[in-house]
Amino acid sequence: MSKTTLLFLFIISSSQSNPVMTRQSLLKQINRDHFCSNLLNFNNFYYSLEEQKNVSGIPADMNIHWKTGNVFFTLISEEMKMSLQVLRPSGEFETIKVAGLGQSTTVDNLNDVVYLATDNGVYKYKEDSSIELYTALGEDVMYVAVSNDGSSMYIATWPQNRVHKITNDGQKQEMFSAIPNGHGLTVDTRNNIYFVATKTSYILKNGYSIPIKIKGLPSDKMTGVFVSRSDEVYAMDENSNLYVVDSESASARHVGSFSVSGVNSFALDSADNVMIGIKGAILKFNANERNPCPDYHK
Ligand SMILES: *[C@@H]1O[C@H](CO)[C@@H](O)[C@H](O)[C@H]1NC(C)=O
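Quick note on numbering: the sequence shown equals residues 1 to 298 in UniProt numbering.
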């Protein structure tokens, strides 16, 4: 007998044995029990899985435009082809049209600019979906990150992910030897730079010239870091373990797990809801500040 049939019989029999409870209210109760028993309580939030959006491929390098709620990511198809995608708050996906090959995106939320890294330069993505060349024409750009005031940009270029620093509104480009190579470049609001090399997360503290490995993180399964709207620096590993990084001490503290495996990318929206990218899907965990099930006991 299938699970659904069992559930159905259960509903019929229970609703008959309990005439005050309608089938609808029972279903509601079952959904609520399911919701409440799956709540995750850590990091001062009650996380609940709100939805799963299926994609055909692996979502990588997720970023969220806090003002609009648009989720930007790179979709890597089964055939290993990359395309830049936007998941709109309406639930619709849109492929971003670029001149060449789109490889990753960066949302500079502080200065409200969305950048696209392509195999021929860095572009700005406008709200009407048009794009405009910004800098690094002729460079095969894999990753982009921007300093807090938007005045310095860091790019990592193919084939070695060599990092360059771009200033003067895109006019000046120089090698950035402090980070020899790396992907998942991220800058926090204090201009510390984070990157991943062979699945290990590093920090280059502002004012320093040598990056260091972040203490307290697994050294072989990191997906990257993400700076939240409240300025927390989060890191996540492939098993959806969430860590808070203290940049001052270059160390991380484990805060909990979403119990999802095969994580490739993660991001937080303006309300601290957590998006997790795994092969075939983007999962959204709502961050509830208060316990939505105060009377529920597991
Ligand atoms: C998404 O994929 C899962 C399995 O990976 C499947 O159970 C679910 O029905 C799919 N959802 C939609 C809306 O297609």
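Beta carbons: idealized from backbone N, C-alpha and C, even for Gly.
Annotation for Asn31: no beta strand (DSSP E) segment contains it, though the alpha helix (DSSP H) segment containing it runs Arg23 to Ser37. DSSP places Lys97 outside both helix and strand once states are collapsed to three, so it counts as coil. At a threshold of 7 Å, Gly280 counts as near ligand 1, since its beta carbon sits closer than that to one of the ligand's heavy atoms.
Secondary structure at Ser261: coil, using DSSP grouped into helix, strand and coil. Relative to ligand 1, the beta carbon of Asn192 is positioned no closer than 7 Å to any heavy atom.
Annotation for Pro59: the continuous beta strand (DSSP E) segment containing it runs Ile58 to His65. Distance from Asp140 to Trp158 at the Cβ level is roughly 4 Å; contact confirmed, criterion being Cβ atoms closer than 8 Å.
Taking 8 Å as the cut-off, the Cβ atoms of Ala60 and Gly277 count as close. Relative to ligand 1, the nearest heavy atom lies less than 7 Å away from the CB of Asn54. In this structure, Ile64 sits near Asp269, with a CB-CB distance shorter than 8 Å.
Here the alpha carbon of Asn109 sits roughly 7 Å from the alpha carbon of Trp66.
Boundaries for Val55: no beta strand (DSSP E) harbours it, and the DSSP string shows neither H nor E there. If you compare the alpha carbons of Arg23, Ile30, Leu27 and Tyr46 with that of Val255, the shortest gap goes to Tyr46. Between Ala252 and Leu217, the CB-CB gap stays under 8 Å. Residues Ala178 of the same chain have their beta carbon placed closer than 8 Å to that of Tyr208, with the five preceding and five following residues left out of the count. Separation of Phe258 and Asn111 (C-alpha to C-alpha, rounded to the nearest whole angstrom) is 31 Å.
When the Cα atoms are used, His183 and Asn264 turn out to be separated by approximately 13 Å.
The C-alpha of Asn191 lies about 10 Å from the C-alpha of Ser247. In this chain, the beta strand (DSSP E) harbouring Ala117 covers Val113 to Thr118.
Cβ-Cβ distances below 6 Å link Asp188 to Val227 and Val233 in the same chain, with the five nearest sequence neighbours on each side left out; the list follows chain order.
If the five residues before and after Val274 are omitted, its C-beta is found closer than 6 Å to the C-beta atoms of Leu268 and Phe285, all from its own chain and listed in chain order. The beta-carbon distance between Ser261 and Ala235, rounded to whole angstroms, is 17 Å. This is too long to meet the 8 Å contact definition. Each of Asn181, Met222, Leu133 and His34 was checked against the Cα of Asn161, and the nearest Cα belongs to Asn181.
The DSSP-derived three-state label of His297 is coil.
Ser48 sits away from Asn291, with the two beta carbons spaced by 8 Å or more.
By the criterion of a C-beta distance shorter than 6 Å, Ile193 is surrounded in its chain by Val187 and Leu204, once the five residues flanking it on both sides are discounted.
Within the model, the alpha-carbon separation for Phe73 versus Ala99 is close to 17 Å. For Lys165, the secondary structure class from DSSP, reduced to helix, strand or coil, is strand.
A distance of 8 Å or more separates the beta carbons of Val71 and Thr106. Separation of the CB atoms of Ala117 and Ile155 is rounded to 7 Å, and the pair is thereby assigned contact status at 8 Å.
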